[in-house]
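S.K.:
There are 2 protein chains.
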Amino acid sequence: MKSIGIVGGVGPTAGTDLANKVFRHTNAHKDQEHINLYLTSCPSIIPDRTGFLLSGGEDPAPGITECIRKLAVCGADAVGIACNTAHSPLILKNVVIPEGVVFVNMIDNTCKKIHKRFGKSKIGLIATLGTIRTGIYKQYFEKYSELELVIPPDETCEQVHRAIYDPEYGIKSTPRVSARASEVVNNAVKQLKGMGCSAVILGCTELPLVFPQPDPALIDPTDILAMSLIKATEPQLLV
Amino acid sequence: MKSIGIVGGVGPTAGTDLANKVFRHTNAHKDQEHINLYLTSCPSIIPDRTGFLLSGGEDPAPGITECIRKLAVCGADAVGIACNTAHSPLILKNVVIPEGVVFVNMIDNTCKKIHKRFGKSKIGLIATLGTIRTGIYKQYFEKYSELELVIPPDETCEQVHRAIYDPEYGIKSTPRVSARASEVVNNAVKQLKGMGCSAVILGCTELPLVFPQPDPALIDPTDILAMSLIKATEPQLLV
Numbered sequence: 003m004k005s006i007g008i009v010g011g012v013g014p015t016a017g018t019d020l021a022n023k024v025f026r027h028t029n030a031h032k033d034q035e036h037i038n039l040y041l042t043s044c045p046s047i048i049p050d051r052t053g054f055l056l057s058g059g060e061d062p063a064p065g066i067t068e069c070i071r072k073l074a075v076c077g078a079d080a081v082g083i084a085c086n087t088a089h090s091p092l093i094l095k096n097v098v099i100p101e102g103v104v105f106v107n108m109i110d111n112t113c114k115k116i117h118k119r120f121g122k123s124k125i126g127l128i129a130t131l132g133t134i135r136t137g138i139y140k141q142y143f144e145k146y147s148e149l150e151l152v153i154p155p156d157e158t159c160e161q162v163h164r165a166i167y168d169p170e171y172g173i174k175s176t177p178r179v180s181a182r183a184s185e186v187v188n189n190a191v192k193q194l195k196g197m198g199c200s201a202v203i204l205g206c207t208e209l210p211l212v213f214p215q216p217d218p219a220l221i222d223p224t225d226i227l228a229m230s231l232i233k234a235t236e237p238q239l240l241v
Numbered sequence: 003m004k005s006i007g008i009v010g011g012v013g014p015t016a017g018t019d020l021a022n023k024v025f026r027h028t029n030a031h032k033d034q035e036h037i038n039l040y041l042t043s044c045p046s047i048i049p050d051r052t053g054f055l056l057s058g059g060e061d062p063a064p065g066i067t068e069c070i071r072k073l074a075v076c077g078a079d080a081v082g083i084a085c086n087t088a089h090s091p092l093i094l095k096n097v098v099i100p101e102g103v104v105f106v107n108m109i110d111n112t113c114k115k116i117h118k119r120f121g122k123s124k125i126g127l128i129a130t131l132g133t134i135r136t137g138i139y140k141q142y143f144e145k146y147s148e149l150e151l152v153i154p155p156d157e158t159c160e161q162v163h164r165a166i167y168d169p170e171y172g173i174k175s176t177p178r179v180s181a182r183a184s185e186v187v188n189n190a191v192k193q194l195k196g197m198g199c200s201a202v203i204l205g206c207t208e209l210p211l212v213f214p215q216p217d218p219a220l221i222d223p224t225d226i227l228a229m230s231l232i233k234a235t236e237p238q239l240l241v
């Protein structure tokens, strides 16, 4: 049986959320039928991605490389990173993938899936300021001319960023999503739908935690990465 | 910084549940303040624990040993297993702990905590038939003569076991806890309280999934193991 590797810890609950989504999409009726999976959650060695991209902070690539190396030593055949911002080409270019390990790109797979499902359409994006301002999704969207990426006004982007990062009420800081963070994120989604978007990408791995129930108009890249990791290892087990 | 290792996969969601409880009990306000954690979820190499204890199935100890070895190679300093039944002395006696790694025993720590919190009292137990019939908790309780362990009638034990294992409605088989499994488990807890128990141990790592909200009369060994793993690595970070 092939094995899945997850670089988690960025943030911690986004890593376990990805693992749980792998379990949920696996056609298994007892423990032993599940795919082998390894998770590293070592945030102390992976500096903040947005800080690196926007404010000259330390490069997270060496820490991510070290985690992938450990996952490969454990036996992982296909590896994914549970963090949108880490998929910036400026970070990924310095991440080393060991020979024999397949890197499954979350954003690439998300764009492919959106294009297949929605065809010509406007697609909204909410994310960290790092993901928005460095145009990560924009760069990946360029392959698909039928898709138009819609970013909310600056003020909304800043509110969403704080709903993720604020030390008091931000999703990264609280054991459960706070009412304030939930309200900000829900309002941003409504605003984008009002701007004509067929669907909205929850472009930060903390954001799906605001929506525990599936909603076809919300694109969860974590969920898509989970399915892509199964396809890359034991595709016959994908539900 | 010291690192935590989790033998997960037994079952898969119990492993990520333990990891999430570690994150929740850590005093961290940004990703980088969390404790390094590694998780293996390799159920295909860990045969069913109840099957081994009650029906002559294959020994899960070699698979557990292999997972702990991998966690040690990653750098884990303290390791826990997210499965009650695996804590049977008949299984643990064949599990090899590498030198320099501390094994944090979930049931030992649970008994210690119950004794401290409840003193002389009746404590109920719901669990798999493997855990019940081989008397795992009974053996650990022997150190505490003030505590009386109460097991529900056979019929209830069998219903709870099926609520965990049934291929149609069991907690291990469904992506979310089914209404039927939830009803069976809630009724068993009520029955034990009716028998005079001050608290009820949710003695299988799948059972806390039935109760997402904390309840002081329900003892969650996964939650206690999470806190014990933090104490064994970075105790100053325990909330």
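From first to last, the protein sequence lines stand for chains A and B.
Reminder that position 169 of the first sequence reads as 171 in the working numbering, one-by-one numbering, no gaps.
Reminder that position 117 of the second sequence reads as 119 in the working numbering, one-by-one numbering, no gaps.
Glycine residues also receive a C-beta, built at the ideal position from the N, C-alpha and C atoms.
Under three-state DSSP, which class holds lysine 192(A)?
M.R.: Counted from its first residue, the first sequence places residue 192(A) at position 190. Of the three classes helix, strand and coil, the one that applies to lysine 192(A) here is helix, per DSSP.
S.K.: Can you check whether the C-beta of proline 177(B) is within less than 8 Å of a C-beta belonging to chain A?
M.R.: The residue given as residue 177(B) occupies position 175 in the second sequence. True, the Cβ-Cβ gap to chain A drops below 8 Å.
S.K.: Grab me the residues of lysine 233(A)'s own chain with a C-beta within less than 8 Å of its C-beta, minus the 5 sequence neighbours each way, in chain order.
M.R.: The residue given as residue 233(A) occupies position 231 in the first sequence. For lysine 233(A), where only same-chain residues beyond five positions count, the Cβ hits under 8 Å are Leu240.
S.K.: Quick check on threonine 130(A): does DSSP put it in helix, strand or coil?
M.R.: In the first sequence, residue 130(A) corresponds to position 128, counting from 1. In this structure, threonine 130(A) counts as coil in the three-state DSSP scheme.
S.K.: Interface residues of chain A around methionine 108(B) at Cβ under 8 Å?
M.R.: In the second sequence, the residue the question calls residue 108(B) occupies position 106. The premise fails here: methionine 108(B) is roughly 17 Å from chain A at the closest Cβ pair, so nothing lies under 8 Å.
S.K.: List, in order along the chain, the chain A residues whose C-beta lies closer than 8 Å to that of aspartate 225(B)?
M.R.: Position 223 of the second sequence, counted from the start, is the residue given in the question as residue 225(B). Those do not exist, as aspartate 225(B) stays about 12 Å from chain A at its closest Cβ, beyond 8 Å.
S.K.: Comparing C-alpha positions only, which one of Ser230(A), Gly77(A), Asp33(A) and Ile99(A) sits nearest to glycine 65(A)?
M.R.: Here residue 65(A) corresponds to residue number 63 of the first sequence, with the count starting at 1. Among Ser230(A), Gly77(A), Asp33(A) and Ile99(A), the Cα nearest to that of glycine 65(A) is on Ile99(A).
S.K.: With a threshold of 8 Å between beta carbons, is valine 12(B) in contact with chain A?
M.R.: Stepping through the second sequence from its first residue, residue 12(B) is reached at position 10. Taking Cβ atoms only, chain A reaches closer than 8 Å to valine 12(B), which makes this a yes.
S.K.: Within a Cβ cutoff of 7 Å, which residues of the same chain sit near threonine 130(B), ignoring the five residues on either side of it in sequence?
M.R.: Against the second sequence, residue 130(B) aligns to sequence position 128. Thr52, Thr87, His163, Ile166 and Cys206, listed in sequence order.
S.K.: Note down, in chain order, all residues in the segment 16 to 34 of chain B with a beta-carbon under 7 Å from any beta-carbon belonging to chain A.
M.R.: So the list reads Thr18, Ala21, Asn22, Phe25, Arg26, His31, Lys32, Asp33 and Gln34, given in the order they occur along the chain.
S.K.: Nearest CA to the CA of aspartate 79(B): which residue from Tyr146(B), Ser90(B), Leu39(B) and Val24(B)?
M.R.: For the purposes of this step, residue 79(B) is taken as residue 77 along the second sequence, with counting starting at 1. Among Tyr146(B), Ser90(B), Leu39(B) and Val24(B), the Cα nearest to that of aspartate 79(B) is on Leu39(B).
S.K.: Might you give, ordered along the chain, the residues of its own chain that have their beta carbon closer than 6 Å to the beta carbon of glutamate 150(A), omitting 5 neighbours on each side?
M.R.: Taking the first residue of the first sequence as position 1, residue 150(A) is located at position 148. Taken in chain order, the residues that qualify are Lys124.
S.K.: Given a threshold of 16 other Cβ atoms within 10 Å of its Cβ, counted over all protein chains shown, does asparagine 96(B) qualify as buried or as exposed?
M.R.: On the second sequence, residue 96(B) is found 94 positions in, with the first residue counted as 1. Exposed, since its Cβ has fewer than 16 Cβ neighbours within 10 Å.
S.K.: Going by the CB atoms, is the gap between methionine 229(B) and histidine 27(B) shorter than 8 Å?
M.R.: As a working note, residue 27(B) is residue 25 in the second sequence. As a working note, residue 229(B) is residue 227 in the second sequence. Against a cut-off of 8 Å, the Cβ pair of methionine 229(B) and histidine 27(B) comes out as a contact.
S.K.: Could you round the C-beta distance between proline 45(A) and glutamine 34(B) to whole angstroms and report it? I think they count as a contact, below 8 Å.
M.R.: Reading the first sequence from its first residue, position 43 is the one you call residue 45(A). Reading the second sequence from its first residue, position 32 is the one you call residue 34(B). The pair is a contact, with the Cβ atoms about 5 Å apart (cut-off 8 Å).
S.K.: Considering Cα atoms alone, identify which of Arg71(B), Thr235(B), Arg135(B) and Asn111(B) is closest to serine 57(B).
M.R.: Translated into the one-based positions of the second sequence, residue 57(B) becomes position 55. Taking only the C-alpha atoms, the option nearest serine 57(B) is Arg135(B).
S.K.: According to DSSP, is isoleucine 6(A) part of a helix, a strand, or is it coil?
M.R.: Reading the first sequence from its first residue, position 4 is the one you call residue 6(A). Strand.
S.K.: Exposed or buried, what is asparagine 22(B) when buried is set at 16 or more other beta-carbons lying within 10 Å of its beta-carbon?
M.R.: As a first step, residue 22(B) is located in the second sequence; it is residue number 20 there, counting from the start. That one is buried.
S.K.: Judging by CA-CA distance, which residue of Glu160(B), Asp222(B) and Val103(B) is the nearest neighbour of isoleucine 203(B)?
M.R.: Translated into the one-based positions of the second sequence, residue 203(B) becomes position 201. When only C-alpha atoms are compared, the closest one is Asp222(B).
S.K.: Between tyrosine 171(B) and chain A, is the shortest Cβ-Cβ distance under 8 Å, so that the two count as touching?
M.R.: The residue given as residue 171(B) occupies position 169 in the second sequence. Judged by the 8 Å Cβ criterion, tyrosine 171(B) is not in contact with chain A.
S.K.: By a C-beta neighbour count over all protein chains shown, 10 Å radius and 16 as the cutoff for buried, is glutamine 161(A) buried or exposed?
M.R.: Here residue 161(A) refers to the residue found at position 159 when the first sequence is read from its first residue. Looking at its Cβ environment, which holds 16 or more other Cβ atoms inside 10 Å, glutamine 161(A) is buried.
S.K.: Note down the Cα distance separating proline 216(A) from isoleucine 138(A), rounded to an integer number of angstroms.
M.R.: Here residue 216(A) is taken as the residue at index 214 of the first sequence, counted from 1. Here residue 138(A) is taken as the residue at index 136 of the first sequence, counted from 1. Taking the straight line joining both Cα atoms gives about 25 Å.
S.K.: Look at the alpha carbon of histidine 31(B) and the alpha carbon of arginine 182(A), and state the distance between them as a whole number of angstroms.
M.R.: Position 29 of the second sequence holds residue 31(B). Position 180 of the first sequence holds residue 182(A). So the alpha carbons of these two residues sit roughly 17 Å apart.
S.K.: Where are the beta strand (DSSP E) runs, 3 residues long or more, that stay fully inside the segment 142 to 168 of chain B, in chain order?
M.R.: 149 to 152, all fully within the segment 142 to 168 of chain B.
S.K.: When the Cα atoms are used, what is the spatial distance from isoleucine 109(B) to isoleucine 173(A)?
M.R.: Numbered from 1 along the second sequence, position 107 holds the residue referred to as residue 109(B). Numbered from 1 along the first sequence, position 171 holds the residue referred to as residue 173(A). One C-alpha to the other measures close to 32 Å.
S.K.: Who are the near neighbours of cysteine 76(A) in its chain, counting only those whose CB is closer than 6 Å to its CB and skipping five residues on each side?
M.R.: Position 74 of the first sequence, counting from 1, holds the residue named residue 76(A). Hits under 6 Å: Tyr40.
S.K.: Quick one: does lysine 115(B) have its CB under 8 Å from some CB of chain A?
M.R.: As a working mapping, residue 115(B) is identified with position 113 in the second sequence. No, no contact with chain A.
S.K.: Looking at the structure shown, is valine 106(A) part of a helix, part of a strand, or coil, going by DSSP?
M.R.: Walking along the first sequence from the start, residue 106(A) turns up at place 104. Reduced to three states, the DSSP call for valine 106(A) is coil.
S.K.: Along chain A, which residues have their Cβ under 8 Å away from the Cβ of lysine 4(B)?
M.R.: For the purposes of this step, residue 4(B) is identified with residue 2 of the second sequence, where counting begins at 1. Within 8 Å Cβ-Cβ: nothing; lysine 4(B) doesn't reach chain A, min ~11 Å.
S.K.: Name, please, each residue of chain A whose Cβ falls closer than 9 Å to the Cβ of aspartate 50(B).
M.R.: In the second sequence, the residue the question calls residue 50(B) occupies position 48. What aspartate 50(B) touches in chain A: Lys32, Asp33 and Gln34.
S.K.: Between phenylalanine 54(B) and valine 81(B), how many whole angstroms is the CB-CB distance? I'm expecting something under 8 Å.
M.R.: Mapped onto the second sequence, residue 54(B) falls at position 52. Mapped onto the second sequence, residue 81(B) falls at position 79. Actually they are not in contact, since the Cβ atoms of phenylalanine 54(B) and valine 81(B) sit about 20 Å apart, beyond 8 Å.
S.K.: Given leucine 227(A), which residues of its chain have a CB within under 7 Å of its CB, disregarding the five upstream and five downstream residues?
M.R.: In the first sequence, counting from the first residue as 1, residue 227(A) sits at position 225. Closer than 7 Å at Cβ, skipping near neighbours: Leu20, Gly82, Val106, Met108 and Asn111.
S.K.: So, using beta-carbon positions, are cysteine 85(A) and valine 152(A) closer together than 8 Å?
M.R.: Indexing the first sequence from 1 puts residue 85(A) at position 83. Indexing the first sequence from 1 puts residue 152(A) at position 150. Not a contact, by the Cβ cut-off of 8 Å.
S.K.: Taking only three categories from DSSP, how would you classify lysine 124(A)?
M.R.: To locate residue 124(A), count along the first sequence from 1; it is residue 122. Reduced to three states, the DSSP call for lysine 124(A) is strand.
S.K.: Whole alpha helix (DSSP H) runs in the segment 170 to 227 of chain B with 4 or more residues, listed along the chain?
M.R.: With a minimum length of 4 residues, the continuous alpha helix (DSSP H) runs that stay inside the segment 170 to 227 of chain B are 181 to 196.
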